[in-house]
Amino acid sequence: MARATSVHVCSECGHETPRWAGQCPGCRAWNTLVEEARAAPGPAAGGRRGAGGGKALAPVALGDVKAEAVARLSTGVGELDRVLGGGVVPGSLVLIGGSPGIGKSTLTTMALANLVAAGRRTLYVSAEESAAQIKLRAERLGAAAHALRIPTIAETDLAAVLATLERERPEVCVVDSVQTLHSAALSGAPGSVGQVREVAGEIMRVAKQHGIAVLLVGHVTKEGALAGPRVLEHLVDCVLQFEGERERTYRTLRALKNRFGSTSEAGVFEMRSDGLVEVLDASARFVGEATRAPGSVVLAAMEGSRPLLVEVQALVSASDLEIPRRVVSGIDRNRLALVLAVLARHGGVGVGTSDVFVNVVGGVRVDEPGADLAVALAVASAARGVALTDAPDDPPLACFGELGLTGELRTVAHAERRVAEARKFGLATIVSPEAGTLRAALRALRVRERAREGQPAVAAL
Ligand SMILES: Nc1ncnc2c1ncn2[C@@H]1O[C@H](COP(=O)(O)OP(=O)(O)OP(=O)(O)O)[C@@H](O)[C@H]1O
Ligand SMILES: [Mg+2]
0 MARATSVHVC
10 SECGHETPRW
20 AGQCPGCRAW
30 NTLVEEARAA
40 PGPAAGGRRG
50 AGGGKALAPV
60 ALGDVKAEAV
70 ARLSTGVGEL
80 DRVLGGGVVP
90 GSLVLIGGSP
100 GIGKSTLTTM
110 ALANLVAAGR
120 RTLYVSAEES
130 AAQIKLRAER
140 LGAAAHALRI
150 PTIAETDLAA
160 VLATLERERP
170 EVCVVDSVQT
180 LHSAALSGAP
190 GSVGQVREVA
200 GEIMRVAKQH
210 GIAVLLVGHV
220 TKEGALAGPR
230 VLEHLVDCVL
240 QFEGERERTY
250 RTLRALKNRF
260 GSTSEAGVFE
270 MRSDGLVEVL
280 DASARFVGEA
290 TRAPGSVVLA
300 AMEGSRPLLV
310 EVQALVSASD
320 LEIPRRVVSG
330 IDRNRLALVL
340 AVLARHGGVG
350 VGTSDVFVNV
360 VGGVRVDEPG
370 ADLAVALAVA
380 SAARGVALTD
390 APDDPPLACF
400 GELGLTGELR
410 TVAHAERRVA
420 EARKFGLATI
430 VSPEAGTLRA
440 ALRALRVRER
450 AREGQPAVAA
460 L
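Following numbering that gives the first Met the number 0, the numbering of the sequence shown begins with 0 at its first residue and continues without gaps.
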């Protein structure tokens with residue numbers, strides 16, 4: 000039963016009710032009631048008050064506002080600093096989301112350990128793991144992590160965490176995780192919408208008051224969204240998403256929102272026994288490992304402001320299902336549907352009722368339209384069983400470009416940097432939107448097919 004300290008508010012119409020119900024009594028919407036702490040009545044006296052009872056504020060010109068340039072704190076993890084826009088901003092609230100076991104605790108522990116080594120006051124609050132478990136991880140991560148200060152018990156009570164923050168006043172604090180803390184003011188279970196909002200709100204209040212930078216760890220749901228309310232994303236200064244599949248080596252850290260920097264940055268990590276290692280030469284590795292077999296092509300992608308060469312592989316095989324499979328990993332499924340339709344209509348390559356699998360190697364996710372051409376070439380190459388390189392030891396074919404619905408290739412951002420990256424790794428043949436249309440780009444395939452059949456090549460790229 001709800002306690003008197005909380006109230007359930009409909010997120011659609013604002014109707015308030017003391018008890019939770021599946022349907023809002025006000026607007027009849029389902030599952031919209033969210034538990035909130037009942038605000039304590041404010042002090043009635045003080046200052047001259049207007050008709051609404053509020054105290055009038057005195058506006059000032061922005062030019063008169065004193066904004067001291069505050070130095071960012073470097074976490075010592077280069078990729079994390081870059082994604083944050085150059086380090087942690089003092090007093091900011093950063094939400095780090097990621098699926099279970101992806102390495103959120105590892106990343107935050109490493110960052111804090113480096114901050115401690117740099118002489119910063121830090122605190123690691125874990126509501127999930129015991130001090131002994133955290134020590135085990137620290138042992139894996141090396142000597143620097145031993146200097147971390149943590150509460151000796153796994154604390155799930157929000158009030159205790161807030162009191163610790165007030166007393167310790169660290170410069171940087173990690174709270175792992177927002178979904179396991181519990182506010183006694185609300186009756187909902189930890190991780191429920193109301194609880195998560197309350198926990199994050201209260202931590203933010205204390206953190207802003209004392210200038211504590213907080214790294215808030217959050218779990219994501221199966222669908223990949225940050226569990227709990229989306230309101231958290233509005234509340235915090237920065238939302239980082241740690242993605243990749245647990246069984247894969249590479250993990251990417253992206254900024255979904257950043258009040259102090261660009262959201263186009265991404266960092267690539269590899270999980271090793273001694274912790275997360277920044278991958279600075281990802282392109283070299285992916286190109287070196289590219290198979291060059293039918294169905295394989297190298298995509299010159301952009302990871303934020305950095306070019307990255309990744310291998311895109313496709314497999315087209317006869318299906319025994321009524322509705323053939325369209326399985327993707329690393330790209331958007333709807334994008335594959337679009338590419339297949341354009342390939343059939345404007346490229347003369349139909350996959351019919353075959354199963355189609357597309358995979359971006361290494362667990363990398365490329366969420367950009369520039370991947371279209373790579374998917375199209377990989378699928379066409381797989382469907383025809385023709386490799387995109389002439390000889391097995393030739394450097395792989397590189398490509399990038401967006402596919403238009405009329406079969407045209409559309410330019411994408413940072414074309415020169417993509418080309419430069421491909422050249423840097425010795426990929427001489429690059430199919431770019433300059434080819435004009437998908438049909439022109441596909442000539443690469445046809446040239447090789449004809450050459451194999453002993454016919455003269457019709458066109459070069
Ligand atoms: N000795 C080891 N060698 C290599 N990798 C390891 C080792 N020990 C743990 N890992 C990796 O670390 C991951 C767990 O990292 P971590 O605890 O930081 O993840 P998390 O995102 O905090 O998980 P949770 O959601 O459970 O809190 C494991 O999935 C595993 O891949
Ligand atoms: Mg963890």
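By construction, the Cβ of each residue, glycine as well, lies at the ideal position given by its N, Cα and C atoms.
Given the structure is predicted, the values throughout are model-derived calculations rather than measurements.
With 16 other Cβ atoms within 10 Å as the buried cut-off, status of residue i
{"i": "residue 261", "result": "exposed"}
{"i": "residue 423", "result": "exposed"}
{"i": "residue 271", "result": "exposed"}
{"i": "residue 113", "result": "buried"}
{"i": "residue 376", "result": "buried"}
{"i": "residue 410", "result": "exposed"}
{"i": "residue 8", "result": "buried"}
{"i": "residue 46", "result": "For residue 46, the pLDDT reaches just 47, beneath the cut-off of 50, and the residue's location in the model is therefore unreliable, leaving the point undetermined."}
{"i": "residue 175", "result": "buried"}
{"i": "residue 87", "result": "buried"}
{"i": "residue 107", "result": "buried"}
{"i": "residue 312", "result": "buried"}
{"i": "residue 101", "result": "buried"}
{"i": "residue 182", "result": "buried"}
{"i": "residue 74", "result": "buried"}
{"i": "residue 384", "result": "exposed"}
{"i": "residue 67", "result": "exposed"}
{"i": "residue 151", "result": "exposed"}
{"i": "residue 24", "result": "exposed"}
Contact set for residue i: own chain, Cβ-Cβ below 8 Å, skip 5 residues either direction
{"i": "residue 232", "result": "94, 225, 238, 255, 256"}
{"i": "residue 179", "result": "126, 127, 155, 189, 190"}
{"i": "residue 398", "result": "296, 297, 298, 299, 372, 373, 376, 429, 430, 431, 440"}
{"i": "residue 337", "result": "371, 402, 404"}
{"i": "residue 43", "result": "Its pLDDT being 48, under 50, residue 43 is placed unreliably by the model, and the measurement read from it follows with that caveat. Nothing listed; no residue qualifies."}
{"i": "residue 332", "result": "325"}
{"i": "residue 249", "result": "243, 267, 268, 269, 278, 281, 361, 362, 363"}
{"i": "residue 149", "result": "122, 123, 124, 125, 130, 133"}
Inter-residue spacing [alpha-carbon to alpha-carbon] between residue i and residue j
{"i": "residue 322", "j": "residue 351", "result": "11 Å"}
{"i": "residue 70", "j": "residue 17", "result": "46 Å"}
{"i": "residue 425", "j": "residue 216", "result": "41 Å"}
{"i": "residue 429", "j": "residue 290", "result": "17 Å"}
{"i": "residue 173", "j": "residue 65", "result": "29 Å"}
{"i": "residue 124", "j": "residue 184", "result": "20 Å"}
{"i": "residue 144", "j": "residue 138", "result": "7 Å"}
{"i": "residue 293", "j": "residue 359", "result": "15 Å"}
{"i": "residue 6", "j": "residue 366", "result": "41 Å"}
{"i": "residue 78", "j": "residue 344", "result": "42 Å"}
{"i": "residue 4", "j": "residue 55", "result": "29 Å"}
{"i": "residue 391", "j": "residue 287", "result": "13 Å"}
{"i": "residue 164", "j": "residue 34", "result": "25 Å"}
{"i": "residue 105", "j": "residue 59", "result": "44 Å"}
{"i": "residue 416", "j": "residue 400", "result": "13 Å"}
{"i": "residue 285", "j": "residue 407", "result": "28 Å"}
{"i": "residue 110", "j": "residue 369", "result": "33 Å"}
{"i": "residue 265", "j": "residue 52", "result": "47 Å"}
{"i": "residue 158", "j": "residue 131", "result": "23 Å"}
{"i": "residue 413", "j": "residue 438", "result": "23 Å"}
{"i": "residue 99", "j": "residue 92", "result": "21 Å"}
{"i": "residue 161", "j": "residue 167", "result": "10 Å"}
Neighbourhood of residue i by C-beta, 6 Å cutoff - its chain only, sequence neighbours within 5 removed
{"i": "residue 240", "result": "96, 253, 255"}
{"i": "residue 276", "result": "269"}
{"i": "residue 403", "result": "409"}
{"i": "residue 26", "result": "11, 12"}
{"i": "residue 199", "result": "177, 231, 234"}
{"i": "residue 15", "result": "6, 8"}
{"i": "residue 486", "result": "The shown model of the chain, from 0 to 460, leaves out residue 486, and the question about it has no answer."}
Check: residue i C-beta below 6 Å from any heavy atom of ligand 3
{"i": "residue 272", "result": "This structure does not include ligand 3; its bound ligands are ligand 1 and ligand 2."}
Beta-carbon proximity list for residue i, same chain, < 7 Å, skipping 5 on both sides
{"i": "residue 318", "result": "324, 352, 353, 354"}
* Got a list of residues with beta-carbon closer than 7 Å to any non-hydrogen atom of ligand 2, in chain order? -> 103, 104, 127, 128, 175, 176, 216
* Asked: Which runs of the beta strand (DSSP E) spanning at least 3 residues fall entirely within the stretch 293 to 318, listed in chain order?
  -> 295 to 302, 305 to 316
* **Contiguous alpha helix (DSSP H) assignments of at least 4 residues, all confined to the stretch 98 to 174** => 103 to 116, 130 to 140, 157 to 167
* **Contiguous alpha helix (DSSP H) assignments of at least 4 residues, all confined to the stretch 325 to 388** => 332 to 345, 371 to 383
* **3 or more residues per run - each beta strand (DSSP E) lying fully within the stretch 251 to 284** => 265 to 271, 274 to 277
* Please list the segments of the beta strand (DSSP E) lying wholly inside the stretch 14 to 41, counting only runs of 3 or more residues, in order along the chain. => 32 to 36
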